[in-house]
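Protein chains in written order, with our numbering: chain A, 23 to 576; chain B, 10 to 416.
See the structure below:
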């Protein structure tokens, strides 16, 4: 069956199509060039005056895993505020920031997103997190496994193990936990907190292992390059949220010596400590550094003014921030010699100096980092805001007068401390298509999605042309997933399961001997049970798509 | 005859170092003295008929009858919920469609844990953190009966990442459990004897004293313990909800959670609730991710409504607020409540002693014996894959419920 989408205005940056009116053809869930002579077109959809982009890709959104479930447990009041009824095709559910699984899928689909990546899955929690994600319909998914605080790796680094051995361990972790990549969270800091260290800067030593975050960052960054992994190291750096941390973030960029690195939620790592309140924007310093260092990609972690909940593997930072909990309750956990987690509910207020400046810093970064291919739209959902805030953020980026009106509402002192109102840049639709689909696809090494070229999966979002960009992006006219219409006029038409992306990587099996001894001796578990088997995923209806580790552009 | 490495589904430790000898579906335990496992493997399945009103029938008939009861019922409770991830998913799919309520065997005690976390949060740890890092362990009123190998595997073990030598263990509570008494010499051991009411006051005073100068505190027991807590490098507090006075257990646990949070101002501390019987933690996790709420959630209004008092199994049955109760238990023979005025269904193991007393009985296998399965461990972080090792044609809970939902 072939479907023709005609007369739509197409924004497809990977194929360098910038607003051209062009027909698209879909066959068996894929985009084809055009039907063969003897092939019949069975359906034609006219998209005159419509804008067409590939389905959105969220590179960093906390949608599953133990920390999200702990947040759900902690906050029944948030779930009682947002209740969703079941229907013939939809399940019931609740919540916004820690929305229940089915509705995460429904909400993303309704926003025109077709792929979302859970960025912080601890090795020991991978199996249940993936099973949980099998209950998030309509979107493709994948995970990054958290390393850099696990006792096994720190011991390897302490013993000055060679890079090949580290690579084997990293590859074993990727393969065993069925992830797409590796994330570092506060390198060595979460482990140091287990030994009662309360801070750990880039060159400070972990008490137990006597190694620095710099050394962890370097070996793991190198490891993913050596493995030709689809996505370079995904880094949540040291000192999240600490005034003055931009200096550390700049040093981190130097530390990787030109190797590709993705810095996540940089808004939280762009703080300077100048002024009366010892809190100021470091956005211009970081933007300048990123503009110069082409090896760096980033996502922003924009905050928006609302009640939300912060959920992170960074126990050290979350414990430090628990004093700001709103409402006054919080959870932390030390987890399985892997890392940890912390849940702190938080209300960002536009009357508050720090929160206002955080909001402005995020936008400054969006506008000061020049290359849209190296910066991606995230709120670090739900930490900065729920992902449902994306349309408003897009409007803030595309419409300077709206941005300046919003800027005029924030804390006055924060206004004085920010250059935001002087920044004239406005994103256009082509830039937005890069920021929300083409860029993330490229940095994640996904070749079959994020664009509308031949052989791409037919993941397509169709918007009505509306002047108000928030309205335009919050309510796509139609969303097509793998060739099927799943959303029309804001209503879900059909529920199907997305794919699960995993990286396929080889390693020297000798590493398993050492790991199995470690598992049995210290973790009290059979290491064979740690490895997630394909059959387990299939049993839960998960269809995997393997991405081979053959990236050759590092 | 063959030897199998087996992951045990009968408590929330999910020990995966068990060796069994399997011969014609008979399983002989080779390397463990765990009483729960020994008793579970002793059950001999002589017949595995479905039953309607106590009379033998086939499974198709029983499933058809259950489906009719479910369609007719204006208010249905799923409880017991001794099942795995897939069984819980299947239950929730039906509960959402037919607007039912969900509770669990351990609801009465576990909701007190839930209530405390919903109020103040907490600071928790997993089993390997307990094993490898915890140099001081405070055990509050726990016999360990429901987790027989906890101490052997995670507290008495000598091989630890932190090279822990002799751990300090303080037992606070009324009756010293046998396992601690027997192994006292392996530990630096102390016992603070208190009943439930005194326990609440003691933990509360301890917490209030944390910020005081030791010289200002009069109670010697508190001074002694406070000194120990503050000298600790990494401490843990373990408690067993079921063994605390149910009238004040939520208050006690809240004080424990606050105490742990406060102790982290000085040193490192974390806690672990010794709960999880009949895999309430697995059931609760699936409920949380699929609905946003823990157990004791109703779908009667078309969306989830969570209330830890209103949706208690005992209350709903006593007050006859439901027309149909469906008990699920694929692990053991735990007694169920039968009220003759309420239609009662049991989806349980074939040896269940009450199978003739209910309106419909549907036999099911046990996860990890009769079918592949996933369960979550006591710390809610680690999940284990369990593999079918016996072939006696017993369906799983999710198979039965998916069939019921399809009719």
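Note that beta-carbon positions come from the ideal geometry of N, C-alpha and C, so glycine has one too. Nothing here was measured: the structure is a model prediction, and the numbers come from that model.
Cut-off 7 Å between Cβ atoms - residues of its own chain near residue 515/A, not counting five sequence neighbours on either side:
507, 508 and 509
Identify the contact partners of residue 392/B in chain A, using a Cβ-Cβ distance below 7 Å as the criterion.
149 and 150
Give the C-beta separation of residue 87/B and residue 111/B to the nearest angstrom, bearing in mind that I take them to be a contact with Cβ-Cβ under 8 Å.
5 Å
For residue 83/A, is the classification buried or exposed, using 16 other Cβ atoms within 10 angstroms of its Cβ as the cut-off for buried?
buried
Looking at the secondary structure, which residues open and close the beta strand (DSSP E) in which residue 520/A lies?
Run containing residue 520/A: none; DSSP gives neither H nor E here.
Listed from N- to C-terminal order along the chain, which residues in the region 275-286 of chain B have their beta-carbon within a distance smaller than 8 Å of any beta-carbon of chain A?
276, 277 and 279
What three-state label does DSSP hand residue 370/B in the structure shown?
strand
Does DSSP classify residue 149/A as helix, strand or coil?
helix
Tell me which residues share the same chain as residue 128/A and place their Cβ nearer than 7 Å to its Cβ, disregarding the 5 neighbours each side in the sequence.
112, 160 and 514
Does chain B have any CB closer than 7 Å to the CB of residue 98/A?
yes
C-alpha distance - residue 374/A paired with residue 389/B, whole-angstrom precision
37 Å
Quick one: is residue 181/A buried, meaning 16 or more other Cβ sit within 10 Å of its Cβ, or exposed?
exposed
Any chain B beta carbon closer than 7 Å to residue 218/A:
yes
For chain B, is any of its Cβ atoms less than 7 Å away from the one on residue 355/A?
yes
Neighbouring residues, chain A, relative to residue 168/B (Cβ below 8 Å)
543 and 544
Quick check: residue 117/A and residue 285/B, are their CB atoms within less than 7 Å of each other?
no
Within 10 angstroms of its Cβ, does residue 64/A collect 16 or more other Cβ (buried), or is it exposed?
exposed
Taking DSSP as the reference, what is the three-state secondary structure of residue 339/A?
helix
Go to residue 620/A, then tell me how far its beta strand (DSSP E) extends in each direction, as first and last residue.
What the structure shows of chain A is the stretch from 23 to 576, and residue 620/A is not part of that stretch, so it cannot be assessed.
From residue 78/B to residue 320/A, what distance separates their C-alpha atoms?
56 Å
What span of residues does the alpha helix (DSSP H) with residue 210/A cover, start to end?
It is not in any alpha helix (DSSP H) - residue 210/A carries neither H nor E in the DSSP assignment.
How far does the beta strand (DSSP E) with residue 138/A in it extend, from its first residue to its last?
135-143
Return yes when the C-beta of residue 182/A is under 6 Å from any heavy atom of the ligand NAP, and no when it is not.
The model on display carries no ligand, and the ligand NAP is accordingly not part of it.
Of the listed residues 384/A, 230/A and 154/A, nearest to residue 308/A (C-alpha basis)
384/A
State yes or no: is the C-beta of residue 157/A within less than 7 Å of the C-beta of residue 299/B?
yes
Identify the contact partners of residue 135/B in chain A, using a Cβ-Cβ distance below 9 Å as the criterion.
146, 355, 356, 357, 358, 359 and 360
With distances taken between CB atoms, is the gap from residue 218/A to residue 297/B smaller than 7 Å?
no
Answer yes or no: does any C-beta atom of chain B fall closer than 7 Å to that of residue 205/A?
no
Using C-beta distances below 7 Å, list every residue in its chain close to residue 76/B, excluding the 5 sequence neighbours before and after it, in chain order.
413 and 416
Roughly how many angstroms separate the alpha carbons of residue 364/B and residue 63/B, rounded to a whole number?
7 Å
Give the interface partners of residue 341/A over in chain B, defined as CB-CB distance under 7 Å, in chain order.
273
Could you tell me whether the Cβ atoms of residue 329/B and residue 344/B are closer together than 7 Å?
no
C-alpha distance - residue 250/A paired with residue 523/A, whole-angstrom precision:
16 Å
First and last residue of the beta strand (DSSP E) that includes residue 12/B?
11-15
Does residue 381/A get closer than 7 Å to chain B when you measure Cβ to Cβ?
no
If you measure beta-carbon to beta-carbon, which residues of the region 300-316 of chain B are closer than 7 Å to chain A?
300, 301, 302, 303, 308, 311, 312, 313 and 315
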